[in-house]
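The sequence shown maps to residues -1 to 393 in the numbering used here.
Just so it is clear, CB atoms sit at the ideal spot from N, CA and C, and this is done for glycine as well.
Computed from a prediction, not measured in an experiment: that's the story for all the values here.
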Amino acid sequence: MRRRPADRRAQIANVSAEAFGTHGYHGVSMEEIATRLDITSTALYRHYPSKYALFRQEALRLSGISEEAVRLPPESAEWDAERRCAHVFEALLAVSIVNRRRGALLRWQHRYLEDEDRRTLVAQMAATDSAIRERIAELRPGLPVAERAVLTAAVMSVIGSISDHRVAVPTRPLTALLAAACRDIAGVTLPAAGVGREPAPPPPAATFTHEVVLQKAVQLFHVRGYPAVSVEDIAVAAGLPASSAVYRFYRSKGDLLAAAFRRAADRVSAAIGPAIAGTEGPGAALTRLIELYVDGSFAERELTFVYYAEIGNVPAADRTTLRNIQRLNVEEWAKLVTAVRSGLSAAQARVLVHAALALVVDLGQWMGPEHPECTRARVVHLMRVILLGPAAGQG
């Protein structure tokens, strides 16, 4: 007869958080969680009354421990500003690395929290944001408040980006690598706010019905989340007479999402060749690649967000192919990084590439697509600092 583990409740929370992080809140059932734990659904419900109760607990736990991590210890009163800032970065990184397989739950799934719970989470994340801003203010007393906001958002993006991939780097080198990137960002000199505020190039006009359907689907997935959008919703948004008309172009809603992912992946792939061919040297090629990526992301912000937030909902048959395309794209970027920074391993370069790519969607999500301080020039500059190192921050 098997004995019930003393930490069963903690085991359930851990397994469910990893499942939500990988497959999304709507992509996981209580029965699947029970199967992973090799227990019955009845046993699972003894500990948690619903899937939402599990989801809520883990989302608020993750935001809560982030808030706790950025609090300075009493002895920090004797530290200088640089050490206090480094302590906060490293403490937050430690929490993020330990919870790496659960982090996507907090990054992309919090939209499914009920209103009161979402307000609690937002308050906790705002406290984390405020603590980082305070440390940067101590480090750079003359820095304008608006610029501190941009740098803080960039730091939080770099730290959170490790939940978007599975690149294997041991904990100490990983912490050192990302802590250095955070310090580089905290010390960066941003371009003036008025630089790079010209309108982003508009996305290609959707002239064919299948393009209109895809465009409207992406917009709906961005606003509501993939699970909350029906084929009927897409048909109405696209001006089609009935949902059956969608199936003339796409086999299912999942096929639409996969098509959106292919579009986003192809956009990244298509920029690599021209960037390398049209420039001299890896540093110039990387800068041009960054510029092309930011232009494309600003032109199709909804698509960029969906590409990160909805991977767990892509049909399994397509997900493997799409992840392989993403991996190959990241490797091409990483080759340019290691050509410029020979001291980095290929794995470390891939970690930085993921951090730089995530920065675009995170700044757009947190600061808004038309934020006057979050210009394309500044996003390009921050990506260069992450990938090329601190020297780029002074250029």
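Name the two residues that bound the continuous alpha helix (DSSP H) containing residue i.
i, result
"Asp113", "Asp113 to Leu137"
"Ser64", "Lys49 to Ala67"
"Asp401", "Outside the displayed span of the chain (-1 to 393) sits residue 401, for which this structure offers no information."
"Pro171", "Thr169 to Ala184"
"Leu24", "According to the sequence as given, residue 24 is His; it is not Leu. His24 -> no alpha helix (DSSP H), and no H or E assigned at all."
"Glu230", "Val229 to Ala235"
"Ala144", "Val143 to Gly158"
"Ala41", "Ser39 to His45"
For residue i, which residues of its own chain have a beta-carbon under 8 Å away from its beta-carbon, when the five flanking residues on both sides are left out?
i, result
"Gln217", "Ala235 and Glu300"
"Glu371", "Ala144, Glu145, Ala147, Val148, Ala191 and Met365"
"Thr20", "Arg99, Ala102 and Gly310"
"Glu230", "Ser241"
"Ser228", "Ser241 and Lys251"
Can you give me the Cβ contacts of residue i inside the same chain, cut-off strictly under 6 Å, excluding the 5 residues immediately before and after it?
i, result
"Phe87", "Ala177 and Cys180"
"Pro225", "His24"
"Arg131", "Arg146 and Thr150"
"Val359", "Thr302, Phe303 and Tyr306"
Is DSSP giving residue i helix, strand or coil here?
i, result
"Leu212", "helix"
"Ala71", "Reading off the sequence, residue 71 comes out as Pro, not Ala. Reduced to three states, the DSSP call for Pro71 is coil."
"Gln217", "helix"
"Phe259", "helix"
"Arg195", "Caution applies to Arg195, whose pLDDT of 48 falls short of 50 and renders its modelled position unreliable; the value that the coordinates give is listed next. Residue state, collapsed to three classes: coil."
"Gln107", "coil"
"Val32", "Inspection of the sequence shows that residue 32 is occupied by Ala rather than by Val. Ala32: helix per DSSP, three-state reduction."
"Asn97", "coil"
"His85", "helix"
"Tyr248", "coil"
"Ala206", "Per the sequence shown, the amino acid found at residue 206 is Phe instead of Ala. Coil."
"Thr410", "Here the chain has residues from -1 to 393 only, and residue 410 is not among them."
"Leu254", "helix"
"Asp264", "helix"
"Gly140", "coil"
Can you list, in chain order, the residues of its chain whose CB lies under 7 Å from that of residue i, leaving out five sequence neighbours each side?
i, result
"Leu111", "Arg54, Ala57 and Leu119"
"Leu90", "Ser64, Ala67, Val68 and Ile157"
"Ala233", "Ala240, Ser241, Ala243 and Val244"
Check: Given 8 Å as the limit, is there contact between the region 70 to 80 and the region 47 to 58, that is, 3 or more CB pairs closer than that?
Finding: no
Note to self: Does the structure place the region 284 to 302 close enough to the region 253 to 272 that three or more beta carbon pairs sit under 8 Å?
What the structure shows: yes
Notebook entry, point to check: Any contact of the region 311 to 323 with the region 354 to 364, i.e. 3+ C-beta pairs under 8 Å?
Noted result: no
Next item on the list: Run through the region 314 to 393 for me and flag every whole alpha helix (DSSP H) of 4 or more residues, listed as ranges in chain order.
Entry: 314 to 338, 344 to 365 and 374 to 386
Note to self: Would you call the region 92 to 112 in contact with the region 20 to 39, where contact means no fewer than 3 C-beta pairs closer than 8 Å?
What the structure shows: yes
Notebook entry, point to check: Are at least three pairs of beta-carbons, each pair with one atom in the region 348 to 363 and one in the region 160 to 171, less than 8 Å apart?
Noted result: yes
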